[in-house]
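Be aware that the sequence shown starts at 14, since it is given in our numbering, and climbs by one per residue.
Below: one structure, written as structure tokens.
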Amino acid sequence: MFDGDAPAIAKVLAKKTRFHNNKSHYLVEARENFERGGFSALEHATFSGNERQARTYFVKNVKGLGLKEASHYLRNVGRGSTLAILDRHIMKNLVACKAIARLPKSLTEKRYSEIEKQMEKYCRRVGIPLSHLDLLFWSEETGEIFK
């Protein structure tokens with residue numbers, strides 16, 4: 014990850030990652046952009062501003078990173094508790110608990126934000142933090158507590 018070229022990274026990603034060739038190139042590009050200055054730019058982007066500002070920065074500045082992936086990254090580094098990680102598993106459960114009416118056919122940035130707001134509203138109504146509900150739904154689908 015820290016010194017491999019794109020083909021070497023793709024080889025590792027190929028085992029469990031779709032579009033591993035593209036993603037390996039994106040990872041190399043991101044590494045090159047953030048490693049300047051000893052990764053202080055990555056630290057600044059991750060921990061400056063609020064969670065939504067940090068997510069927006071990553072979506073706009075890291076090729077191949079969308080709202081879900083940026084939210085997931087921030088959650089994994091200790092931020093993102095107010096951000097939804099919307100995948101099919103989570104949205105299916107949001108439909109089941111009537112937080113959203115139906116699964117979207119596609120998930121544009123606008124639609125992602127709308128569903129995230131509906132999930133936040135549902136969380137307030139039932140009194141559970143968004144990150145906890147996300148983990149509960151994930152564990153229901155996968156049988157695992159780890160995400």
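Where is the CB? At the ideal position from N, CA and C, for every residue including glycine.
Counting only the same chain and skipping the five closest in sequence on each side, list residues whose C-beta sits under 7 Å from that of Thr95.
Glu64, Leu143
On a CA-only basis, which of Lys29, Asn34, Lys28 is nearest Pro20? Give me that one, please.
Asn34
Give the DSSP-derived three-state secondary structure of Ile98 in the structure shown.
coil
Contact set for Tyr135: own chain, Cβ-Cβ below 6 Å, skip 5 residues either direction:
Ala112
Please confirm whether Ser61 and Ala67 have their CB atoms less than 8 Å apart.
yes
Looking at C-beta atoms only, is the number of pairs between the stretch 146–157 and the stretch 120–127 that lie closer than 8 Å three or more?
no
Where Met104 sits in the DSSP three-state scheme
helix
Distance, Arg49 Cα to Ala114 Cα
45 Å
With Ala58 as the anchor, note down where its alpha helix (DSSP H) starts and where it stops.
53–60
Using 8 Å as the threshold, is the C-beta distance between Leu116 and Met132 below it?
no
Our contact map puts Leu99 next to Leu120 with C-beta atoms below 8 Å; I'd like the distance itself, whole angstroms only.
7 Å
Given Arg92 as reference, the closest of Ala58, Glu122, Gly77 once Cα atoms are compared:
Ala58
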